[in-house]
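Protein sequence lines, in the order shown, are assigned to chains A and B.
Just so we're aligned, residue 249 is where the first sequence starts under this note's numbering, counting upward by one.
Just so we're aligned, residue 249 is where the second sequence starts under this note's numbering, counting upward by one.
Number of protein chains: 2
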Amino acid sequence: MIAIDWGTSSFRAYRLSEQGGVLEKREATLGILAVSDGNFAAALESQVGDWLDDGDAPVLMSGMIGSRQGWKEAPYAACPAGEPEIAAGMVDVNWGEGRRAWIVPGLSCRDESGIPDVLRGEETQLLGVLSDLPRNSAWVCLPGTHSKWARLEDHRIVEFSTHMTGEVFAIMRQHSILGRMMREAQVDEEAFADGVVRARDAGGLLHHLFGVRSAGLFGQLADESSASYLSGLLIGHELAAIPRLSETVYVLASEQLAARYVQALSTCGISALVLDSDGVVKGLFRLSASLPKD
Amino acid sequence: MIAIDWGTSSFRAYRLSEQGGVLEKREATLGILAVSDGNFAAALESQVGDWLDDGDAPVLMSGMIGSRQGWKEAPYAACPAGEPEIAAGMVDVNWGEGRRAWIVPGLSCRDESGIPDVLRGEETQLLGVLSDLPRNSAWVCLPGTHSKWARLEDHRIVEFSTHMTGEVFAIMRQHSILGRMMREAQVDEEAFADGVVRARDAGGLLHHLFGVRSAGLFGQLADESSASYLSGLLIGHELAAIPRLSETVYVLASEQLAARYVQALSTCGISALVLDSDGVVKGLFRLSASLPKD
Chain A
249 MIAIDWGTSS
259 FRAYRLSEQG
269 GVLEKREATL
279 GILAVSDGNF
289 AAALESQVGD
299 WLDDGDAPVL
309 MSGMIGSRQG
319 WKEAPYAACP
329 AGEPEIAAGM
339 VDVNWGEGRR
349 AWIVPGLSCR
359 DESGIPDVLR
369 GEETQLLGVL
379 SDLPRNSAWV
389 CLPGTHSKWA
399 RLEDHRIVEF
409 STHMTGEVFA
419 IMRQHSILGR
429 MMREAQVDEE
439 AFADGVVRAR
449 DAGGLLHHLF
459 GVRSAGLFGQ
469 LADESSASYL
479 SGLLIGHELA
489 AIPRLSETVY
499 VLASEQLAAR
509 YVQALSTCGI
519 SALVLDSDGV
529 VKGLFRLSAS
539 LPKD
Chain B
249 MIAIDWGTSS
259 FRAYRLSEQG
269 GVLEKREATL
279 GILAVSDGNF
289 AAALESQVGD
299 WLDDGDAPVL
309 MSGMIGSRQG
319 WKEAPYAACP
329 AGEPEIAAGM
339 VDVNWGEGRR
349 AWIVPGLSCR
359 DESGIPDVLR
369 GEETQLLGVL
379 SDLPRNSAWV
389 CLPGTHSKWA
399 RLEDHRIVEF
409 STHMTGEVFA
419 IMRQHSILGR
429 MMREAQVDEE
439 AFADGVVRAR
449 DAGGLLHHLF
459 GVRSAGLFGQ
469 LADESSASYL
479 SGLLIGHELA
489 AIPRLSETVY
499 VLASEQLAAR
509 YVQALSTCGI
519 SALVLDSDGV
529 VKGLFRLSAS
539 LPKD
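Set out below in structure tokens:
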């Protein structure tokens, strides 16, 4: 089968063996925003057409390709949702002679106030790591521009929440008065931990943010350490917002980002386990077993 | 006397009568960042030199002119501080023959974790409205790019905190994914109130921010209303961070901004009184009585 992770800014394709092993991988800066005229069929053909010429390997895709801005909208499946609900929500696209592909739906949920939340792509990553999680219940953290926290019970995603941690960090650094004092430097783990601890104080995030500046003014925070402090502060606020956080958290991220979350969780007295970040491939392979056999 | 409100981006000068009435007002886009070569003496002379030619009216200045980037640093007076401490912290500058001016110091305080906070300019506004406040205790809110909340007891500023509400609103609107959906429109008071109420939910600001997008995706928030909702959300989080907020809050702001804070406070069941925003002039006049008589 062919597994495709097609996001806003990147395209990754994997040719898998019948056992799910990766035989070949291709990457391109061909995110959905970069596909000219919305001609996704031509884009896909250009990337993996040759993989399909000698057989009818199924093609499964996940990520923003299934959004309103993508190829074809795959409506969100509502939580609680497990593999059956996600598989049932896949939509197919036909793209020329004998070419067919399936798009995995994202997930939605609503909190007690009725405010919706959404994810797209992470549902596939979560399916890919199911076998690494305790069956009864687990918190999985997928940090990033928009961090996702998913609560799994009995291998179903019962609830999740999105936190704009990565994006707020980036724009505060680039566009706010705080960024003016920040100098590029290695991660300062001590300053990072100080930020995490600060997040537990009263005062609120909007006040704590100004503290980055005032601590700098008073020489309590070096310009070289203030980005690390800000990062710890924001991640600390993210952690503080997760309810009933006591057992081990499973972190699904690249090595560098995972290290930050493991440190932040540890600072809060919570243990963490980092999972392989190739969940998408495993998840798409898992879903391929649910495809109609026609 | 001459009262001068000299900030980062603006310059305002007032010629006052002996009773403190405003005889004449001048405004210029001559903030401290716009003064070439740091020649503040020449800048001041160009603006108010003619007011000084036939007498020796004292000149008092407050705002960022007293910061490290200004004319001469007037070190922060530490809270608790009242009029005597602020007056004692004024520093003078001599600027040519017979020309002398005084710069009012800002204030600093530290919270229980030892993180400092600072303000500069607002101390003068606060002195200017003292007579409008109950003597025993009062919360004064000075909203803006960096909102300040000051707690006064016995006409002294005992503590204060800064919240980056206005700046975070502006950069989220201009630079984040949320801004893409926002259309210019009138203030939508209902959406604003929804944002204020949302801030009281669990989940944290970083999560609530993403809700602006997901509520939009689900048609629960119109593009024309999302800026109002975001504004309410941020102001709501600011209010939630103020401890022991029960009695009447005194709001010191321009009419439009004050209206937003009065609505937000009212939504939270707290009454508010808007004070005249010409506190700086009154505060500088009040401080002029403390100048040495030499």
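We treat Cβ as the ideally placed atom computed from N, Cα and C, and that holds for glycine.
#### Entry: Interface positions of the stretch 295–320 of chain A facing chain B (Cβ-Cβ less than 9 Å), listed along the chain
The stretch 295–320 of chain A vs chain B, Cβ under 9 Å: R316.
### Query
Going by beta carbon distance, what residues of the same chain come within less than 6 Å of A335/A, once the five residues before and after it are set aside?
The sequence position of residue 335/A within the first sequence is 87, counting from 1. If we look at A335/A and ignore the five residues flanking it on each side, its Cβ neighbours are L535 and S538.
### Same chain only: Cβ atoms within 6 Å of V499/A, ignoring 5 sequence neighbours per side
As a working note, residue 499/A is residue 251 in the first sequence. Taken in chain order, the residues that qualify are C389, A506, Y509, A520 and V522.
### Message
Taking the beta strand (DSSP E) that P332/A belongs to, which residues open and close that run?
### Response
Here the question's residue 332/A lines up with position 84 in the first sequence. Where P332/A is concerned, there is no enclosing beta strand (DSSP E), although the alpha helix (DSSP H) it sits in stretches over E331 to A336.
### Task
With distances taken Cα to Cα, identify the nearest neighbour of F408/A among R368/A, P332/A and V341/A.
For the purposes of this step, residue 408/A is identified with residue 160 of the first sequence, where counting begins at 1. It is R368/A whose Cα lies nearest to the Cα of F408/A.
### Message
Please state the DSSP three-state secondary structure of D253/B.
### Response
Mapped onto the second sequence, residue 253/B falls at position 5. Residue state, collapsed to three classes: strand.
### Query
Does the stretch 406–422 of chain A come close enough to the stretch 355–373 of chain A to have 3 or more Cβ pairs within less than 8 Å?
yes
#### Entry: Bounding residues of the beta strand (DSSP E) (the contiguous stretch that carries D365/B)
In the second sequence, counting from the first residue as 1, residue 365/B sits at position 117. P364 to L367 is the extent of the beta strand (DSSP E) around D365/B.
### Message
I'd like to know if F440/B contacts chain A, where contact means its C-beta is closer than 7 Å to some C-beta of that chain.
### Response
Position 192 of the second sequence, counted from the start, is the residue given in the question as residue 440/B. Chain A, which has no Cβ nearer than 7 Å to the Cβ of F440/B, makes this no.
### Task
Take the Cβ of A450/A as the centre, count every other Cβ of all protein chains shown within 10 Å, and call the residue buried at 16 or more, exposed below.
The count along the first sequence starts at 1 and reaches residue 450/A at position 202. Exposed, by the Cβ-count rule.
### Query
If you check the beta carbons only, do V296/B and I363/B fall under 7 Å apart?
Your numbering for residue 296/B matches position 48 in the second sequence. Your numbering for residue 363/B matches position 115 in the second sequence. Contact: no.
### Query
Which partner residues of E407/B appear in the DSSP bridge assignment?
Your numbering for residue 407/B matches position 159 in the second sequence. R399/B, per the DSSP bridge assignment.
#### Entry: Element boundaries [alpha helix (DSSP H), containing S536/B]
Your numbering for residue 536/B matches position 288 in the second sequence. G527 to S536 is the extent of the alpha helix (DSSP H) around S536/B.
### Task
Enumerate in chain order the residues of its own chain whose CB-to-CB distance from R461/B is below 8 Å, with the five nearest sequence positions on each side excluded.
On the second sequence, residue 461/B is found 213 positions in, with the first residue counted as 1. Hits under 8 Å: I425, L426 and M429.
### Task
Give the secondary structure of M412/A by DSSP, where H, G and I count as helix, E and B as strand, and everything else as coil.
Taking the first sequence and counting its residues from 1, one reaches residue 412/A at position 164. It is coil, neither helix nor strand.
### Task
Kindly list, in the order they appear in chain A, the residues whose Cβ is closer than 9 Å to that of D449/B.
Within the second sequence, residue 449/B is the residue found at index 201, counting from 1. Correct list: D359, E360, S361 and I363.
### Query
Since L478/A contacts C516/A with CB under 8 Å, what's their CB separation in whole angstroms?
Taking the first residue of the first sequence as 1, we reach residue 478/A at position 230. Taking the first residue of the first sequence as 1, we reach residue 516/A at position 268. No, L478/A and C516/A are not in contact; Cβ-Cβ is about 18 Å, not under 8 Å.
#### Entry: Euclidean distance between Cα positions of M312/B and C327/B
In the second sequence, residue 312/B corresponds to position 64, counting from 1. In the second sequence, residue 327/B corresponds to position 79, counting from 1. Roughly 19 Å separates the two Cα atoms.
### Message
Using CA atoms only, rank isn't needed, just tell me which of P306/A, S474/A, G414/A and M412/A is closest to Q434/A.
### Response
Indexing the first sequence from 1 puts residue 434/A at position 186. The shortest Cα separation from Q434/A among P306/A, S474/A, G414/A and M412/A belongs to S474/A.
### Query
Who are the near neighbours of L513/B in its chain, counting only those whose CB is closer than 6 Å to its CB and skipping five residues on each side?
Position 265 of the second sequence, counted from the first residue, corresponds to residue 513/B. Closer than 6 Å at Cβ, skipping near neighbours: V497 and A520.
### Message
Short of 9 Å Cβ to Cβ, which residues in the stretch 455–471 of chain A face chain B?
### Response
H455, H456, L457, F458, G459, R461, S462, A463, L465, F466 and Q468
#### Entry: Top-ranked residue by Cα proximity to W319/B, from G279/B, G337/B and A386/B
Position 71 of the second sequence, counted from the start, is the residue given in the question as residue 319/B. Selected option, being the one with the closest Cα: G279/B.
### Query
When you compare only the Cα positions, how much space is there between E331/B and D526/B?
As a first step, residue 331/B is located in the second sequence; it is residue number 83 there, counting from the start. As a first step, residue 526/B is located in the second sequence; it is residue number 278 there, counting from the start. Spanning the two alpha carbons is a distance of roughly 18 Å.
### Query
Which residues in the same chain as A322/B place their Cβ atom closer than 6 Å to its Cβ, once the five residues preceding and following it in sequence are excluded?
Numbered from 1 along the second sequence, position 74 holds the residue referred to as residue 322/B. Hits under 6 Å: G314, V339, I351 and P353.
#### Entry: First and last residue of the uninterrupted beta strand (DSSP E) at F259/A
Numbered from 1 along the first sequence, position 11 holds the residue referred to as residue 259/A. Its beta strand (DSSP E) spans residues F259 to L264.
### Query
Short check: CB of H423/A to CB of L453/A, under 7 Å?
Taking the first sequence and counting its residues from 1, one reaches residue 423/A at position 175. Taking the first sequence and counting its residues from 1, one reaches residue 453/A at position 205. In this structure, L453/A does not lie closer than 7 Å to H423/A by Cβ.
### Task
Assuming L400/A contacts S385/A (C-beta within less than 8 Å), just tell me the rounded distance between them.
Here residue 400/A refers to the residue found at position 152 of the first sequence. Here residue 385/A refers to the residue found at position 137 of the first sequence. With 8 Å as the limit, L400/A and S385/A qualify as a contact, their Cβ atoms being about 7 Å apart.
### Query
Across which residues does DSSP place S310/B in a beta bridge pair?
Counting from 1 along the second sequence, the entry for residue 310/B is found at position 62. Its beta-bridge partners are D253/B.
#### Entry: Separation of P391/B from H456/B, as counted between CA atoms
Residue mapping note: residue 456/B aligns to position 208 of the second sequence, counting from 1. Residue mapping note: residue 391/B aligns to position 143 of the second sequence, counting from 1. Each residue's alpha carbon lies about 21 Å from the other.
### Message
If distances are taken between C-alpha atoms only, which option among R274/A, E432/A, G480/A and A439/A comes closest to G414/A?
### Response
By 1-based counting over the first sequence, the position of residue 414/A is 166. That would be G480/A, whose Cα lies nearest to the Cα of G414/A.
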